[in-house]
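Numbering (the numbering used here), first residue to last: 135 to 559.
In structure tokens form, the structure reads like this:
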């Protein structure tokens with residue numbers, strides 16, 4: 135048996151403390167980002183001290199948890215509501231902090247046994263489940279719906295109608311999806327970090343998987359950084375600083391990764407009805423605010439603003455840069471067609487992830503005496519979903535082309551394998 139290193143002993147003795155620190159750091163970061171975003175959106179004025187519970191619900195949805203909306207309007211009225219949306223800004227911050235905390239005890243090592251990695255991940259998972267359970271139990275609240283001072287208010291007073299809507303976390307589903315989210319973050323952290331140790335049996339996969347995973351993560355973060363810059367410029371030049379801050383802190387990846395898929399050629403369908411508004415550029419709201427289901431792609435957007443064609447150029451430049459990074463971090467013996475294949479697979483998986491987490495669905499309504507939705511500010515409908523297979527097809531095509539070109543561009547760069555050969559020569 136090989137002697138245990140100081141790092142092994144540190145993980146063994148202080149594993150629970152480090153797991154607690156990693157989970158708490160991630161949840162605090164997510165809570166701060168969610169709280170500031172909701173405050174900028176005006177949620178701090180919610181009645182009955184509901185703000186902390188709304189923050190908890192936002193964090194729950196950010197890790198894949200399920201929030202159930204409910205309505206209660208008395209015997210003569212019915213209310214209904216539903217919402218599915220992931221605040222990806224909160225998700226991204228939590229993933230980055232948690233991944234850093236998970237990798238910290240494993241740094242400066244080349245190989246780690248599967249039992250050791252499993253034990254360390256299990257400690258993090260146990261602490262994560264307990265913390266998520268507390269959040270899920272605290273994420274519940276109900277609100278009264280104001281019918282106003284007009285006719286609806288008079289009818290409500292006459293029949294004693296006092297509609298309420300509320301939300302609560304579905305605890306079992308939240309814990310299930312929360313564990314899946316955690317597993318995804320930990321696996322991706324091991325794949326992306328060149329310094330993270332892997333079990334000996336998996337070392338042969340790191341040459342093909344790690345460079346592609348790292349390049350894709352850098353690509354997604356580059357789009358987020360670019361989105362922050364654009365949002366700040368818009369806030370300075372056009373005002374609406376509070377709304378812009380709310381978008382940055384709650385849903386900026388939702389917007390920039392949607393734009394990324396549109397630049398690839400993907401098509402989304404959706405509709406906006408009622409008082410719902412989308413936290414995104416006005417041109418998207420114009421396309422989607424129709425009576426029928428609208429098609430959202432470069433062509434339909436260009437009918438309202440021709441500048442959207444710049445998305446193609448931005449995608450091309452950043453994808454080529456990502457492909458170059460992937461090739462530069464790969465062994466020198468790898469051929470261009472292999473880089474193209476790796477980039478195509480990685481990009482297809484990335485676009486699939488965006489299609490799954492970028493969906494939006496929300497509706498609410500109120501009816502009196504069994505007569506439909508009352509309309510006005512008391513009903514609305516919003517959804518946005520992708521055409522997945524079309525998006526994946528474009529992702530594979532872009533991946534093959536940019537992966538091949540990136541490999542050609544990276545040829546002059548000294549890579550792993552070349553230095554060893556020169557030294558041996």
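The C-beta atom is built at its ideal place from N, Cα and C for all residues, glycine as well.
Nearest-angstrom Cβ-Cβ length linking residue i and residue j, presumed shorter than 8 Å
i	j	result
residue 188	residue 170	About 13 Å separates the two Cβ atoms, so there is no contact after all.
residue 313	residue 264	Not a contact, Cβ separation roughly 12 Å.
residue 271	residue 309	With 8 Å as the limit, residue 271 and residue 309 do not qualify as a contact, their Cβ atoms being about 11 Å apart.
residue 560	residue 462	Any question about residue 560 goes unanswered here, given that the chain covers just 135 to 559.
residue 482	residue 530	5 Å
residue 457	residue 540	3 Å
residue 194	residue 201	6 Å
Nearest candidate by alpha-carbon position, reference residue i, set the options
i	options	result
residue 542	365, 523, 471	471
residue 241	419, 328, 175, 310	328
residue 528	332, 400, 307	400
residue 374	421, 152, 175	175
residue 562	218, 247, 237, 340	Here the chain has residues from 135 to 559 only, and residue 562 is not among them.
residue 486	526, 451, 387, 456	526
residue 475	257, 515, 536	536
residue 251	376, 371, 331, 524	331
residue 196	465, 463, 229, 182	229
residue 522	392, 421, 426, 440	392
residue 158	269, 338, 274, 434	269
residue 150	193, 239, 168	239
residue 167	371, 184, 221, 467	221
residue 233	155, 183, 179	155
residue 349	371, 323, 370	323
residue 342	201, 478, 357, 369	478
residue 538	524, 520, 468	468
residue 488	495, 473, 520, 465	520
residue 416	356, 368, 358, 491	368
residue 464	419, 180, 339, 318	339
residue 427	402, 437, 438	402
residue 236	249, 256, 248, 247	256
residue 496	424, 307, 357, 203	203
residue 440	418, 185, 311	418
Distance CB(residue i)-CB(residue j) smaller than 9 Å
i	j	result
residue 382	residue 276	no
residue 316	residue 259	yes
residue 231	residue 164	yes
residue 533	residue 432	no
residue 430	residue 404	yes
residue 198	residue 304	no
residue 254	residue 160	no
residue 460	residue 345	yes
residue 480	residue 380	no
residue 394	residue 320	no
residue 378	residue 389	no
residue 484	residue 353	yes
residue 407	residue 518	no
residue 435	residue 421	yes
residue 273	residue 178	no
residue 386	residue 442	no
residue 227	residue 360	no
Boundaries (first-last residue) of the beta strand (DSSP E) holding residue i
i	result
residue 430	428-430
residue 469	Where residue 469 is concerned, there is no enclosing beta strand (DSSP E), given that its DSSP letter is neither H nor E.
residue 403	402-407
Segment limits, alpha helix (DSSP H) that includes residue i
i	result
residue 343	340-372
residue 391	375-398
residue 540	522-543
residue 417	416-422
residue 196	185-196
residue 546	First-last for residue 546: undefined, no H or E at that position.
residue 446	444-462
Could you name each continuous alpha helix (DSSP H) segment of 4 residues or more that falls completely within the region 293-329, going from the start of the chain to the end?
Positions of the alpha helix (DSSP H) runs, each at least 4 residues long and wholly inside the region 293-329, are given as 305-326 in order along the chain.
Starting from the N-terminal side, write out each stretch of the beta strand (DSSP E) that is 3 residues or longer and does not extend beyond the region 225-270.
none
Report the start-end ranges of each beta strand (DSSP E) in the region 154-181 that is 3 residues or longer and not cut off at the edges.
none
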